[in-house]
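K.L.:
Attaching a single structure in structure tokens format; questions to follow.
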Amino acid sequence: MGILDSKVPAGPLANKWTDYKNHIDLVNPANKRNIDIIVVGTGLAGGAAAATLAELGYNVKTFCYQDSPRRAHSIAAQGGINAAKNYQGDGDSTYRLFYDTVKGGDYRSREENVYRLAEVSANIIDQCVAQGVPFAREYGGLLDNRSFGGVLVSRTFYAKGQTGQQLLLGAYAAMNRQINRGKIKSYTRHEMLDVVKIDGKARGIIARDLKTGKIERHSAHAVVIASGGYGNVFFLSTNAMGSNVTAAWKAHKRGAYFANPCYTQIHPTCIPVSGDHQSKLTLMSESLRNDGRIWVPKKKEDAIAIREGKKKPTELSEEERDYYLERRYPSFGNLVPRDVASRAAKERCDAGFGVNKTGEAVFLDFASAIERYGKEQAVMHGNHNPSKEEVIKLGTEVVANKYGNLFEMYEKIVDANPYKTPMMIYPAVHYTMGGVWVDYNLQSTIKGCYVTGEANFSDHGANRLGASALMQGLADGYFVLPYTIGNYLADDIRTGPIPTDTKEFDEAEKLQVDRLNKLANNNGTKSVDHFHKKLGLIMWNKCGMSRNAKDLESAISEIKELREEFYRDVKVPGDANEMNQELEKAGRVADLSLIHI
Ligand SMILES: Cc1cc2nc3c(=O)[nH]c(=O)nc-3n(C[C@H](O)[C@H](O)[C@H](O)COP(=O)(O)OP(=O)(O)OC[C@H]3O[C@@H](n4cnc5c(N)ncnc54)[C@H](O)[C@@H]3O)c2cc1C
């Protein structure tokens, strides 16, 4: 194994990025027109990178497996994006965002990358506002902020519960401008299956046109992988069913090191599992913990009565409730970091205080917030002696303005009105912090192969801090990669177009064609989902919220057995040379079953 060189520039922490930018090699505008870049993934990280690189003058090809970049999983992000703007005047600064993020990342993130992230965070907000992203505003018109778990300031910018969607529309609009100029060629419904290396450098990819099944070769002077997270290894997660590891894993197989695959974020506020018919879990944004109070009954009898439907949570008095986060962590209360909140919920449920049928849920209650906001509103309207009904009506309006779409989503899924009865929540797999190792330049251990966003091993504190993943993806795409990749490409201005009729492309294509044919012709008896669900259960039970050596060892051997069974007995209907969604899934599940071993 080689030595990992982080390539962090010299000098004081706060000056590194500025000094770096002042001294890197640049590519002049005329030469940029002769350089091709492939961007795999057009979520926030890839979309932002593609738009910026094309704006700079490079020729960009983008790839995504959805029918439009707008459908990348980034669209699901609800709560918000951090930036050290200190609009609130509550003591925030670049240093504090840096400090919180490093601490939130359990001191595993690279400090120099995180400092740079905190530095450029404020630019992201300006950039997105300029694109027209409709961030929430206060009455006076200024951008609003809310706080997230694990921090003591309000630095999270948001667009109702749809922050990711609005940011993605901004990045997509920026991409579209370049598609229109012919600077981006957008390949939708295309899946990257391999990285092609020539003389040790990433020089292209093998992709499959998912509509026709055709295998294609694409060359470039550099390849950027922005393929998102792989939480789907747990089958049930808050990620889209398509979120997969294939691109990152294939880069790994070609020599890019992988870091921290054990490191998965379990989000504390998700709608609990309701049965074995589900293919996905739904996140209730962490922003809800700003106003929702988490509790379980103090007495086991009450928990049992609620589970059996003999008692309603609203019948329990304040004294009969255990607001266990407020009790155990008085300074952060309900806004403790995600891992702390998740473990505490599991601990209460394991101890027998869970409140849904399976005993794996706790309450997230808005009654206090509704009352507090209602009283405040009444006073603001000159009503100093409001009735209880008036208070609830006014308070409900405030809560609906802040979180309306999330409450609606909850009611649609659970069929219970969260304004009237507390929500039930439980932790679920949410974000993969492990990924492809990258240096300060976001370059992997394959020269010319850059990895950004959730697909890399993360600079940020997303294991515990919310709203830092969007920040990282956009920082990488808009403000970091466009500089660092130029420094690398400055050596390529005389290289000319990279041919695809070479032995390296032949070999990589053959490998993928053989693999697809093998899966399609397997003639087994069990569906891909059968194996995926089994993999997910092993992962959740033995490699989930709590882990020990014995379970991890048995998980490794169970997954090995499962993988052998998969190759023996998976059934993939249809052909490899046509549109075949089962085949797409089979390839992804095969890659997922390798990732943690
Ligand atoms: C429900 C939910 C809510 C969240 N809320 C927040 C929040 O409020 N704040 C926050 O900071 N973070 C949040 N996150 C995390 C954040 O949304 C993600 O980490 C981030 O959006 C990932 O962006 P990305 O660009 O790296 O990847 P993605 O948006 O997942 O994009 C991946 C792209 O790669 C493409 N792709 C993948 N594999 C291939 C392949 N083999 N070939 C071709 N294309 C491929 C896909 O088509 C897609 O275009 C949330 C996550 C979830 C699940």
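In the numbering used here, the protein residues as written are 1 to 597. A virtual CB, placed ideally from N, CA and C, is assigned to each residue, including glycine. In this text the structure is predicted, and so the values were computed from the model without any measurement.
For the putative contact between A590 and G213, defined by C-beta atoms under 8 Å, what is the C-beta separation to the nearest angstrom?
P.N.:
As a first step, residue 590 must be located in the sequence shown, where it is residue number 590. As a first step, residue 213 must be located in the sequence shown, where it is residue number 213. Contact flag wrong, Cβ pair sits at about 17 Å.
K.L.:
Just list the residues that DSSP pairs M423 with in beta bridges.
P.N.:
As a first step, residue 423 is located in the sequence shown; it is residue number 423 there, counting from the start. Answer is L364, bridged to M423.
K.L.:
Which partner residues of R146 appear in the DSSP bridge assignment?
P.N.:
Mapped onto the sequence shown, residue 146 falls at position 146. BP columns for R146 point to T156.
K.L.:
Considering Q410, what are the terminal residues of the alpha helix (DSSP H) in which it resides?
P.N.:
If you number the sequence shown from 1, residue 410 lands on position 410. Looking at the sequence shown, residue 410 is not Gln but Tyr. Where Y410 is concerned, the enclosing alpha helix (DSSP H) stretches over K388 to V414.
K.L.:
Could you tell me the alpha carbon to alpha carbon distance between I37 and I184, rounded to whole angstroms?
P.N.:
Working through the sequence shown from its first residue, we reach residue 37 at position 37. Working through the sequence shown from its first residue, we reach residue 184 at position 184. Whole-angstrom Cα-Cα distance: 10 Å.
K.L.:
Identify whether N604 lies in helix, strand or coil by the three-state DSSP scheme.
P.N.:
Because the chain in this structure spans residues 1 to 597, residue 604 falls outside the shown range and cannot be described.
K.L.:
Beta-carbon separation of G204 and V224 under 9 Å?
P.N.:
For the purposes of this step, residue 204 is taken as the residue at position 204 of the sequence shown. For the purposes of this step, residue 224 is taken as the residue at position 224 of the sequence shown. No, they are not a contact pair.
K.L.:
Would you kindly report the start and end of the unbroken beta strand (DSSP E) that includes G204?
P.N.:
For the purposes of this step, residue 204 is taken as residue 204 along the sequence shown, with counting starting at 1. K201 to D209 is the span of the beta strand (DSSP E), which, as asked, contains G204.
K.L.:
Using a Cβ-Cβ cutoff of less than 8 Å, which residues in the same chain neighbour K534 once the five nearest sequence positions on both sides are dropped?
P.N.:
Counting from 1 along the sequence shown, the entry for residue 534 is found at position 534. Excluding positions up to five away in sequence, the list reads L562.
K.L.:
Any contact of the segment 254 to 269 with the segment 193 to 211, i.e. 3+ C-beta pairs under 8 Å?
P.N.:
Yes, the segment 254 to 269 touches the segment 193 to 211.
K.L.:
Just mark D144 as buried or exposed, buried being the case when its beta carbon has 16 or more other beta carbons within 10 Å.
P.N.:
In the sequence shown, residue 144 corresponds to position 144, counting from 1. Looking at its Cβ environment, which holds 16 or more other Cβ atoms inside 10 Å, D144 is buried.
K.L.:
If you scan the segment 500 to 524 from start to end, which runs of the alpha helix (DSSP H) of 4 or more residues do you find wholly inside it?
P.N.:
Complete alpha helix (DSSP H) runs here, min 4: 503 to 520.
K.L.:
Taking the Cβ atom as the reference point for each residue, do I271 and V153 lie within a distance shorter than 9 Å?
P.N.:
What you label residue 271 is simply residue 271 of the sequence shown in a count that begins at 1. What you label residue 153 is simply residue 153 of the sequence shown in a count that begins at 1. Not in contact: I271 and V153 (Cβ atoms no closer than 9 Å).
K.L.:
Report all residues from its chain with a CB closer than 6 Å to the CB of M409; omit the five preceding and five following residues, and keep chain order.
P.N.:
In the sequence shown, residue 409 corresponds to position 409, counting from 1. If we look at M409 and ignore the five residues flanking it on each side, it has no Cβ neighbours.
K.L.:
With DSSP run on the structure shown, which of helix, strand or coil describes L283?
P.N.:
Here residue 283 refers to the residue found at position 283 of the sequence shown. In this structure, L283 counts as strand in the three-state DSSP scheme.
K.L.:
Bridge partners of Q324, per DSSP?
P.N.:
Your numbering for residue 324 matches position 324 in the sequence shown. The amino acid at residue 324 is misidentified as Gln; the sequence shows Tyr. For Y324, which the question treats as bridged, DSSP gives no partner whatsoever.
K.L.:
By alpha-carbon positions, which one of R327, A345 and Q78 ends up nearest to Y158?
P.N.:
Within the sequence shown, numbered from 1, the residue matching residue 158 stands at position 158. Selected option, being the one with the closest Cα: Q78.
K.L.:
Classify L638: buried if its beta carbon has 16 or more other beta carbons within 10 angstroms, exposed otherwise.
P.N.:
Outside the modelled stretch of the chain, which goes from 1 to 597, sits residue 638, for which no answer is possible.
K.L.:
Rounded to a whole number of angstroms, what is the C-alpha to C-alpha distance between S74 and H430?
P.N.:
As a position in the sequence shown, residue 74 is number 74, starting the count at 1. As a position in the sequence shown, residue 430 is number 430, starting the count at 1. For S74 and H430, the distance between alpha carbons rounds to 12 Å.
K.L.:
Could you name the residues that DSSP lists as bridge partners for I225?
P.N.:
As a first step, residue 225 must be located in the sequence shown, where it is residue number 225. I225 is bridged to V40 and V451.
K.L.:
Between the alpha carbons of S279 and E320, how many angstroms are there, rounded?
P.N.:
As a position in the sequence shown, residue 279 is number 279, starting the count at 1. As a position in the sequence shown, residue 320 is number 320, starting the count at 1. Each residue's alpha carbon lies about 36 Å from the other.
K.L.:
What does R137 pair with, by DSSP beta-bridge criteria?
P.N.:
The sequence position of residue 137 within the sequence shown is 137, counting from 1. L143, per the DSSP bridge assignment.
K.L.:
I need the straight-line Cα distance from T421 to K160, nearest angstrom please.
P.N.:
One-based indexing of the sequence shown puts residue 421 at position 421. One-based indexing of the sequence shown puts residue 160 at position 160. Between T421 and K160, the C-alpha separation is close to 22 Å.
K.L.:
Cα-Cα, which of L592, E558, N521 and N385 is closest to K571?
P.N.:
As a position in the sequence shown, residue 571 is number 571, starting the count at 1. When each option's Cα is compared against that of K571, the closest is N521.
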